[in-house]
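S.K.: Chains as they are written, first to last, in this note's numbering: chain A, 1163 to 1576; chain B, 124 to 380. Glycine is no exception: its CB is placed at the ideal position from the N, C-alpha and C atoms. Remember, it's a predicted structure, so these values are computed and weren't measured experimentally. The structure that follows is given in the form of structure tokens.
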């Protein structure tokens, strides 16, 4: 049974913050097929198109029939832990700090034998579930979990290295004025976050939900306006060193296209709130997050982007909104590269129309703010990089994968 | 009569004429007018550092700023309102520059406003003021001292479920000030020249409608009106020369002897 995590003691302010280290993260282009699966929480291995052999480790031709047609496919996660060993010493600086470390070999039901990190609740001979996770280097590794959930299993130190579990972490919700921001605050409180900082811009402007927000125990309301560089900088200076997860809930949803729009005011606001807001947050909080990637139980863990799925394909009915979201998606890719040396994940959470005022005229299915918030927390607990919440998001992603041009045409009339 | 501009300058320098700043600091958090969110919005003041003696400019510090024409302490030109849209020289770049310097009367209703944020200025109130201080001469700014500039931002904007609750003039008094007193313009400490609930008046937003309809001006987000005498101050309010500008943030100064 996993020893439950205890709330970390207050950090000694005179203690040096250890610099983050990463395990070796170089993978072949083919092996990044595992990274793609891990990023979404899927378990996928190469399956030979010609002889159906399931292949591990990733290869460029099938070891059984020499075919080069080896796409990654989701396969069964089940297997048996054949053998385990405990590593007590390593020349790798990352592992040296984390000894002892258990690894083992797992005979997958799907066929191959895989080398995997081992959850503390697994024993040699056990049935296990394999998961692909992104380690601190951002590359995929396998970890064997007990077949059935065990108490406190998320608190396992090996597993927690690969996830961004909010438990005992300190979170910043950048905009608490919106239903999404408020649902997010509640979800993080429920997930055991130690402090939930909630940013409120223009405190002189009343907004619904403030009283309920104040009643959530770990919530601390702080002044924050993502359109104001000084405000973002000041908040990072004040609290940046004790914020482990940033969730950017600032939104600017308006219907209307690019041609069919009168003037630039709204477009400029969208770019200012969304793209420039993200850049301001990234510049203010990114360096501190990156420096604190190995700062104990409540190390910096993640920067969360909430993105319309129309960042992936423009929806002309909300055309300029989609374009601003696409800018944020591109920025997120840059941030991933920049924050990875600190072991800090950038998690993109894609969603379709929300059950909120600015999507009033859009028919269901729509995503409730609470469902989006649950998706965010679940994604962090899993340690994934890309999350799709709701039917529309899943649908757009599937159609995009099959035929982007068809999707482009279809969006024009939807 | 010859006027000696240099003695005027000397009087400023030696303090015989006091200069009072009626301007709020342009800062990011100062409230900007709020409209329904589907309407176009006035941009708040924003400032981005270009360089500060660093690799972006080693020996100099400067900023880029962005803001709306109606952000912070600002001037309203007649073209701002539909009632003034067809007047001659109705934009900040074409207004006769002599109009940027004019005397002012200050009507103190701070006690009334402290008791009631929905205090509305009426003709009888102004007549009572005139009974004490004399008739308002043509060509004067009428500045409404409410002490609203001393409020917290939340109380300053005072937004409730049914909108803003801030003091301002009734329609009749604005029309009367323009037609019977030939005033230069109307200035307030509040976010706009109009009553907070002025959209319910007929016409809506009378300070804008009547003042700008007759080519008069507006000043809002003023401060330090409590330092001015009821009569005798001269206001220097020169907006930026924005091409066809509807208004402009500006430094408003009062000269008091």
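Going by the CB atoms, is the gap between residue 362 of chain B and residue 378 of chain B shorter than 8 Å?
M.R.: It is not a contact, given that the beta carbons lie outside the stated cut-off.
S.K.: Find the residues of chain B that neighbour residue 1427 of chain A, judging by a C-beta separation of less than 9 Å, and give them in chain order.
M.R.: The answer, in chain order, is 163, 164, 166.
S.K.: Between the region 1389-1402 of chain A and chain B, which residues of the former have CB atoms less than 8 Å from a CB of the latter, in chain order?
M.R.: Residues 1389, 1390, 1391, 1392, 1393.
S.K.: Report the rounded CA-to-CA distance for residue 1548 of chain A versus residue 1512 of chain A, giving the unit in angstroms.
M.R.: Spanning the two alpha carbons is a distance of roughly 8 Å.
S.K.: Run through chain B and tell me which residues come within less than 9 Å of residue 1298 of chain A, C-beta to C-beta.
M.R.: Result: empty, since nearest Cβ-Cβ is about 31 Å, beyond 9 Å.
S.K.: Enumerate in chain order the residues of its own chain whose CB-to-CB distance from residue 1409 of chain A is below 6 Å, with the five nearest sequence positions on each side excluded.
M.R.: For residue 1409 of chain A, where only same-chain residues beyond five positions count, the Cβ hits under 6 Å are 1335, 1346, 1466.
S.K.: Measuring alpha carbon to alpha carbon, tell me which of A:1297, A:1338, A:1310, A:1337 ends up nearest residue 1322 of chain A.
M.R.: Ranking A:1297, A:1338, A:1310, A:1337 by Cα distance to residue 1322 of chain A puts A:1297 first.
S.K.: Of the choices B:376, B:244, B:316, B:151, whose alpha-carbon is the least far from that of residue 199 of chain B?
M.R.: Minimum Cα distance to residue 199 of chain B is reached at B:316.
S.K.: For residue 1507 of chain A, does the three-state DSSP call read helix, strand or coil?
M.R.: It is a strand residue.
S.K.: Short of 6 Å in beta carbon distance, which residues of its chain neighbour residue 212 of chain B, apart from the five on each side in sequence? Order them along the chain.
M.R.: Answer for residue 212 of chain B: 218, listed in chain order.
S.K.: With H, G and I counted as helix, E and B as strand and the rest as coil, what does DSSP make of residue 1352 of chain A?
M.R.: In the structure shown, residue 1352 of chain A sits in a helix (DSSP, three-state: H, G or I).
S.K.: So residue 1571 of chain A is in the alpha helix (DSSP H); what residue range does that whole segment cover?
M.R.: Residue 1571 of chain A -> alpha helix (DSSP H) spans 1566-1574.
S.K.: I need the straight-line Cα distance from residue 1534 of chain A to residue 168 of chain B, nearest angstrom please.
M.R.: Spanning the two alpha carbons is a distance of roughly 33 Å.
S.K.: Tell me the residue span of the alpha helix (DSSP H) that contains residue 246 of chain B.
M.R.: Start and end: 246-256.
S.K.: By DSSP, does residue 399 of chain B sit in helix, in strand, or in coil?
M.R.: Because residue 399 of chain B is not part of the residues shown, which for chain B are 124 to 380, the question remains open.
S.K.: Less than 8 Å separating the beta-carbons of residue 1339 of chain A and residue 1358 of chain A?
M.R.: In this structure, residue 1358 of chain A does not lie closer than 8 Å to residue 1339 of chain A by Cβ.
S.K.: Of all Cβ atoms in chain A, is any one closer than 8 Å to the Cβ of residue 157 of chain B?
M.R.: It does; some Cβ of chain A falls within 8 Å.
S.K.: Contact between the region 1268-1279 of chain A and the region 1308-1315 of chain A is defined here as three or more beta-carbon pairs at a separation below 8 Å; is this criterion met?
M.R.: Output reads no: the region 1308-1315 of chain A does not touch the region 1268-1279 of chain A.
S.K.: What ranges does the alpha helix (DSSP H) occupy inside the region 1341-1416 of chain A, keeping only unbroken runs of at least 4 residues that lie completely in it?
M.R.: The qualifying runs are 1341-1352, 1372-1377, 1391-1401.
S.K.: Any idea which residues DSSP pairs residue 1245 of chain A with across the strands?
M.R.: Paired residues: A:1267.
S.K.: Of all the options B:197, B:209, B:281, B:158, which has the alpha carbon lying nearest to the alpha carbon of residue 346 of chain B?
M.R.: Closest option to residue 346 of chain B, Cα to Cα, is B:197.
S.K.: If you measure beta-carbon to beta-carbon, which residues of the region 1368-1385 of chain A are closer than 9 Å to chain B?
M.R.: Of all residues in the region 1368-1385 of chain A, 1368, 1385 have a Cβ within less than 9 Å of some Cβ in chain B.
S.K.: Going along the chain, which residues of its own chain have a beta-carbon closer than 7 Å to the beta-carbon of residue 1365 of chain A, five neighbours each way excluded?
M.R.: Within the same chain, residue 1365 of chain A has close Cβ partners 1385.
S.K.: Which residues does DSSP pair with residue 1475 of chain A in a beta bridge?
M.R.: In the DSSP output, where bridge partners are listed per residue, residue 1475 of chain A has none listed.
S.K.: Counting only runs of 3+ residues fully inside the region 280-348 of chain B, write out the beta strand (DSSP E) ranges in chain order.
M.R.: Counting only runs of 3 or more, we get 308-311, 340-343.
S.K.: Measuring only the C-alpha atoms, how far is residue 1428 of chain A from residue 158 of chain B?
M.R.: Residue 1428 of chain A and residue 158 of chain B: Cα-Cα distance of roughly 14 Å.
S.K.: Does the contact criterion of 3 or more C-beta pairs under 8 Å hold for the region 1232-1247 of chain A versus the region 1263-1271 of chain A?
M.R.: Touching, per the Cβ criterion.
S.K.: Examine chain B for any beta-carbon lying closer than 8 Å to the beta-carbon of residue 1365 of chain A, and answer yes or no.
M.R.: Chain B, which has a Cβ nearer than 8 Å to the Cβ of residue 1365 of chain A, makes this yes.
S.K.: As a quick exercise: from B:325, B:279, B:300, B:265, pick the residue whose alpha carbon is nearest that of residue 356 of chain B.
M.R.: Out of B:325, B:279, B:300, B:265, B:265 has the C-alpha closest to the C-alpha of residue 356 of chain B.
S.K.: Using a Cβ distance threshold of 8 Å, determine whether the region 1508-1525 of chain A contacts the region 145-153 of chain B, with at least three qualifying pairs required.
M.R.: Output reads no: the region 145-153 of chain B does not touch the region 1508-1525 of chain A.
S.K.: So with CB distances below 9 Å, who are the chain A contacts of residue 154 of chain B?
M.R.: What residue 154 of chain B touches in chain A: 1364, 1366, 1367.
S.K.: Can you list the residues of chain A that residue 184 of chain B reaches, using a CB-CB cut of under 7 Å?
M.R.: The contacting residues do not exist; residue 184 of chain B stays about 15 Å from chain A at best.
S.K.: Is the Cβ of residue 179 of chain B closer than 8 Å to any Cβ of chain A?
M.R.: No - not a single Cβ of chain A is within 8 Å of the one on residue 179 of chain B.
S.K.: Could you tell me whether any Cβ in chain A is nearer than 8 Å to the Cβ of residue 176 of chain B?
M.R.: No, residue 176 of chain B does not count as interfacial toward chain A.
S.K.: Could you tell me the alpha carbon to alpha carbon distance between residue 1415 of chain A and residue 1439 of chain A, rounded to whole angstroms?
M.R.: Rounded to the nearest angstrom, the two C-alpha atoms are 14 Å apart.
S.K.: If you pair each beta-carbon of the region 221-234 of chain B with each one of the region 253-272 of chain B, do three or more pairs fall below 8 Å?
M.R.: Output reads yes: the region 253-272 of chain B touches the region 221-234 of chain B.
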